[in-house]
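Below: one structure, written as structure tokens.
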Amino acid sequence: IADAVKKAGGIIMPANDEKYFKDVAIPGGIKLKSAKIHEALVEADAWINVPVLKNHGGAKMTCAMKNYMGIVWDRRYFHQNDLQQCIADICTWQKRPVLNIVDAYRIMHQNGPQGKSLSDVATLKSLIVSPNIVAIDTAALSLFNQVKKLDIEAVSHIGRGEANHLGTTDLKSLNIKRIKI
Numbered sequence: 161i162a163d164a165v166k167k168a169g170g171i172i173m174p175a176n177d178e179k180y181f182k183d184v185a186i187p188g189g190i191k192l193k194s195a196k197i198h199e200a201l202v203e204a205d206a207w208i209n210v211p212v213l214k215n216h217g218g219a220k221m222t223c224a225m226k227n228y229m230g231i232v233w234d235r236r237y238f239h240q241n242d243l244q245q246c247i248a249d250i251c252t253w254q255k256r257p258v259l260n261i262v263d264a265y266r267i268m269h270q271n272g273p274q275g276k277s278l279s280d281v282a283t284l285k286s287l288i289v290s291p292n293i294v295a296i297d298t299a300a301l302s303l304f305n306q307v308k309k310l311d312i313e314a315v316s317h318i319g320r321g322e323a324n325h326l327g328t329t330d331l332k333s334l335n336i337k338r339i340k341i
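For what it's worth, my numbering labels the leading residue of the sequence shown as 161, then goes sequentially.
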């Protein structure tokens, strides 16, 4: 990966030490009032969130909202202090992604986030794109439900995100374009 990044003119940003993370306030948070977020993201003009859709034991589903856990240093805090609420809280951070792109080509529908065998994976050959983080997670859940039933109430960070005015779960109110290639 390092060679490919360098060949393309990119820079690999280390994230293996707390020194690369900056304290930021999460004023809209209920359980999470501050977090250490990677300095590259804090200093960026804009960012794009690119999660892979999968099952997750604690959060029930990993998608755009849950993917925010990848930008913070102390994920243990989330797990110890109401994971679903902390996920919704971190999404209220002032610097939101300009776009969310969900990779749902192959999804892990059980035993996530790591899986145990190929039977944990389903091929859906899909991509979901939206600036609306709540809507994209709702649409991803609908896609996930084609393989394995998961109620939106079980993925409560989605509803909590809607309550925080981060987006809508009402997909019928949106102008959705489906493109088949």
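Think of the CB as a built atom: it goes at the ideal place given N, C-alpha and C, for glycine as much as any other residue.
By Cβ distance below 8 Å, which residues in the same chain neighbour residue i in space, the five residues on each side in sequence not counted?
i	result
Glu178	Lys196 and Trp233
Please state the DSSP three-state secondary structure of residue i.
i	result
Val165	helix
Met225	coil
Val262	strand
Leu303	helix
Asp183	strand
Lys285	strand
If contacts are defined as beta-carbon pairs under 8 Å, then residue i and residue j qualify, I think. What distance do you get, rounded to the angstrom?
i	j	result
Ser194	Ala200	About 19 Å separates the two Cβ atoms, so there is no contact after all.
For residue i, which residues of its own chain have a beta-carbon under 6 Å away from its beta-carbon, when the five flanking residues on both sides are left out?
i	result
Val281	Arg266 and Met268
Asn292	Gly327
Lys226	Ala219 and Ile247
Return the residue from the list the options that minimises the CA-CA distance to residue i.
i	options	result
Ala175	Gly272, His325, Gly189 and Met229	Met229
Ile231	Ile208, Asn241, Asn335 and Leu213	Ile208
Leu243	Ile161, Arg320 and Lys337	Arg320
Val145	Gly217, Ile247, Lys285 and Ile296	Given that the chain is displayed from residue 161 to residue 341, the structure contains no residue 145 and the question cannot be resolved.
Ala206	Gln254, Ala224, Gly275 and Asp311	Gln254
Cys223	Gly275, Gln245, Gln240 and Val262	Val262
Using a Cβ-Cβ cut-off of 7 Å (strictly less than) and excluding sequence neighbours within five positions of residue i, which residues of its own chain qualify?
i	result
Ser290	Asn260 and Ile296
Enumerate, from N- to C-terminal direction, the unbroken beta strand (DSSP E) stretches of 3 or more residues contained entirely within the stretch 192-237.
194-198, 212-216 and 220-222
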